[in-house]
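Protein chains: 2
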Amino acid sequence: MENNISMAVIKRLPKYHRYLRELLDKDVKRISSKELSEIIGFTASQIRQDLNNFGGFGQQGYGYNVEDLYKEIGKILGLTRNYKTVIIGAGNLGQALANYASFNRYGFELVGIFDKNPKIVGIEINGIEVTDIDHMKQFMSDNDIDIAYICTSRTGAQEVADILVEANIKAIWNFAPVDLKVEEDIRVENVHLIDDLLTLSYFLKGKNE
Amino acid sequence: MENNISMAVIKRLPKYHRYLRELLDKDVKRISSKELSEIIGFTASQIRQDLNNFGGFGQQGYGYNVEDLYKEIGKILGLTRNYKTVIIGAGNLGQALANYASFNRYGFELVGIFDKNPKIVGIEINGIEVTDIDHMKQFMSDNDIDIAYICTSRTGAQEVADILVEANIKAIWNFAPVDLKVEEDIRVENVHLIDDLLTLSYFLKGKNE
DNA sequence: TAGATTGTTAATCGATTAACAATC
DNA sequence: TAGATTGTTAATCGATTAACAATC
């Protein structure tokens with residue numbers, strides 16, 4: 001079970017999790033794939049297919065128990081434990097991410113922030129002191145870090161990634177507008193903000209300039 | 001031409017644009033789909049299919065002229081004109097986006113920032129004064145705004161979206177962890193940061209807890 | 001039991017890859 | 001001209017949707 005799940009399915013899981021959380025908050029006890037379909041926007045068929053990749057969580061004639069399903073999807077997503085994270089690059093975006101409290105709520109615990117700018121090194125963000133990037137590798141070796149958020153400039157990102165790989169990072173969340181070259185077993189999620197804007201302008205370009 | 005292009009293709013266009021820019025900066029004059037394939041990671045066949053949705057930009061026996069292709073893709077993406085943007089919610093993330101200089105370089109011009117917090121209203125971010133959100137609707141009517149970046153909390157996002165829709169916004173870039181309900185002809189791009197983290201934890205969950 | 005809804009197989013749809021004739 | 005590489009059609013692959021028997 002849970003081998004060779006397609007990326008399309010995996011990318012839908014957080015959305016299921018979010019909508020089930022909302023149902024739970026509204027005290028909804030049970031939901032059918034048809035009802036869920038209407039609020040989440042996937043077809044009922046797709047919902048049943050998706051869930052059955054991981055097990056038979058429903059019951060014929062009844063549907064799904066909201067609380068059980070919420071917990072199951074939480075487990076599938078790995079929300080049963082904490083993940084240690086660091087931020088590299090404490091510019092505007094790095095600082096914003098450092099202050100995001102909700103990541104903590106999901107078990108993503110920020111334990112380090114690094115920057116190379118002497119004006120930023122030493123300041124405290126959300127209770128964590130910004131450390132000089134020269135100490136990053138040592139820090140990564142001393143602590144078992146799961147995820148690194150790369151918030152550096154485009155030009156610095158690959159160099160940072162190389163150091164992280166050497167220090168056995170498990171996953172990278174990359175906000176720099178560049179595709180990082182890393183070993184295959186390291187998961188990388190990219191947030192290419194400018195790409196999103198270009199997608200919007202693609203659709204807007206015709207409209208009354 | 002350029003009707004019914006699939007979303008899969010559109011989402012690859014910014015990446016073509018980025019890699020062609022890099023080639024241009026390296027003074028590469030021509031490139032074949034095979035060579036481009038090796039650096040960008042799509043198959044040569046896919047590259048030719050993608051480009052041919054918009055026209056025959058290549059030449060048999062030669063390949064593609066890098067500068068021409070870069071310009072063509074820029075046109076397709078709508079980078080031939082400026083877009084007026086506003087930010088709603090001047091918290092950490094809103095402020096970070098306001099300071100992103102590179103958006104400007106692509107023609108996305110920030111002209112307004114709104115917030116409801118009296119402690120934030122009045123301060124200046126990147127040369128723009130934060131305005132009370134009560135004045136947003138009027139501002140939107142007075143100015144022809146293309147894109148609104150929603151950086152509010154989850155709970156405030158839909159209300160903001162409703163006002164934007166009334167004020168004839170054309171596109172929304174939504175950073176709140178919620179799916180907005182808006183008219184069909186308004187383009188929405190979502191950046192659900194927590195979803196990305198959950199995707200990473202999905203893959204990490206097995207690894208040495 | 002009858003009705004509802006799942007789990008799962010089969011059919012369809014769409015996207016990617018392969019192949020090759022056209023042509024620079 | 002010969003070689004290279006596109007543009008485009010056909011084949012394959014994968015994901016979504018439909019259908020329905022199983023079963024609560």
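In the order they appear, the protein sequences are chains A and B. Quick note: the first sequence uses the working numbering, first residue 1, plus one each step. Quick note: the second sequence uses the working numbering, first residue 1, plus one each step. Note that the Cβ used here is the ideal one computed from N, Cα and C, for glycine as well.
If you run the structure through DSSP and keep just helix, strand and coil, what is residue i?
i	result
B/Asp142	helix
A/Tyr149	strand
B/Gly112	strand
A/Thr155	helix
A/Lys26	coil
B/Glu184	coil
B/Ile120	coil
B/Tyr83	strand
A/Ile194	helix
A/Ile88	strand
B/Ile125	strand
B/Asp179	coil
B/Gly206	coil
B/Ser201	helix
B/Ile163	helix
A/Met7	helix
Give me the Cα-Cα distance between residue i and residue j, rounded to the nearest whole angstrom.
i	j	result
B/Glu209	A/Ser141	Low confidence applies to B/Glu209: its pLDDT is 49, below 50, so where it sits in the model is not reliable enough to give any reading.
A/Met1	A/Phe54	In this prediction, A/Met1 has a pLDDT of 46, which is less than 50 and means its spatial position is unreliable; what the coordinates show is noted afterwards. Approximately 6 Å between the Cα atoms of the pair.
A/Leu289	A/Asn65	Only positions 1 to 209 of chain A appear in the structure, and residue 289 of chain A is not among them; the question remains open.
B/Ala167	B/Ile87	15 Å
A/Gly63	A/Ser45	13 Å
A/Glu236	B/Ile194	There is simply no residue 236 of chain A to check, as chain A begins at 1 and stops at 209 in what is shown.
A/Gln138	A/Asp144	11 Å
A/Gln60	A/Asp50	16 Å
B/Thr199	A/Ile186	13 Å
B/Thr85	B/Pro177	20 Å
B/Val9	A/Pro118	43 Å
A/Phe114	A/Leu180	19 Å
B/Tyr83	B/Asp146	6 Å
A/Thr131	B/Asp132	36 Å
B/Val191	B/Asn4	24 Å
B/Arg18	B/Leu77	12 Å
A/Glu72	A/Phe103	20 Å
A/Phe108	A/Thr152	20 Å
A/Arg30	A/Leu20	10 Å
B/Ser201	B/Gly56	43 Å
B/Tyr70	B/Ser32	14 Å
A/Ala96	B/Gly58	43 Å
B/Asp160	B/Ile150	According to the sequence displayed, residue 160 of chain B carries Val and not Asp. Each residue's alpha carbon lies about 8 Å from the other.
B/Val111	A/Asn126	30 Å
B/Tyr100	A/Asp25	36 Å
A/Glu38	B/Arg105	41 Å
A/Ala98	B/Gly94	14 Å
Which residues bound the alpha helix (DSSP H) around residue i?
i	result
B/Val188	Where B/Val188 is concerned, there is no enclosing alpha helix (DSSP H), although the beta strand (DSSP E) it sits in stretches over Arg187 to Asn190.
B/Ala101	Ala101 to Arg105
Strictly below 9 Å CB to CB, what residues from chain A border residue i?
i	result
B/Phe203	Ile10, Gly78, Lys170, Ala171 and Arg187
B/Tyr106	Ile194, Leu197, Leu198 and Ser201
Against residue i, what residues of chain A qualify as contacts under a CB-to-CB distance less than 8 Å, listed in chain order?
i	result
B/Val191	Val191, Leu193 and Asp196
Since residue i meets chain B, which of its residues come closer than 9 Å, beta carbon to beta carbon?
i	result
A/Asp146	Leu200, Ser201, Leu204 and Lys207
A/Leu13	Asp195, Leu198, Thr199 and Tyr202
A/Arg21	Per Cβ cutoff of 9 Å: no residues; A/Arg21 is ~10 Å from chain B at best.
A/Ala96	Gly91, Asn92, Leu93, Gly94, Gln95, Ala96 and Leu97
Need the endpoints of the beta strand (DSSP E) that residue i sits in, please.
i	result
A/Asn174	Ala171 to Asn174
A/Asp132	Ile128 to Asp132
Interface residues of chain B around residue i at Cβ under 7 Å?
i	result
A/Ala161	Under the 7 Å cutoff, chain B gives no residues; its nearest Cβ is about 15 Å from A/Ala161.
List the residues of chain A whose Cβ lies closer than 7 Å to the Cβ of residue i, in chain order.
i	result
B/Tyr83	Ser201 and Leu204
B/His135	Simply none; closest approach about 24 Å.
Listing by chain order, which chain B residues have their CB less than 8 Å from the CB of residue i?
i	result
A/Pro177	Arg18 and Ser102
Query raised in the report: Which ranges would you report for the alpha helix (DSSP H) in the stretch 11-79 of chain A if only whole runs of at least 4 residues count?
Result: You should have 33-40, 44-52 and 66-76.
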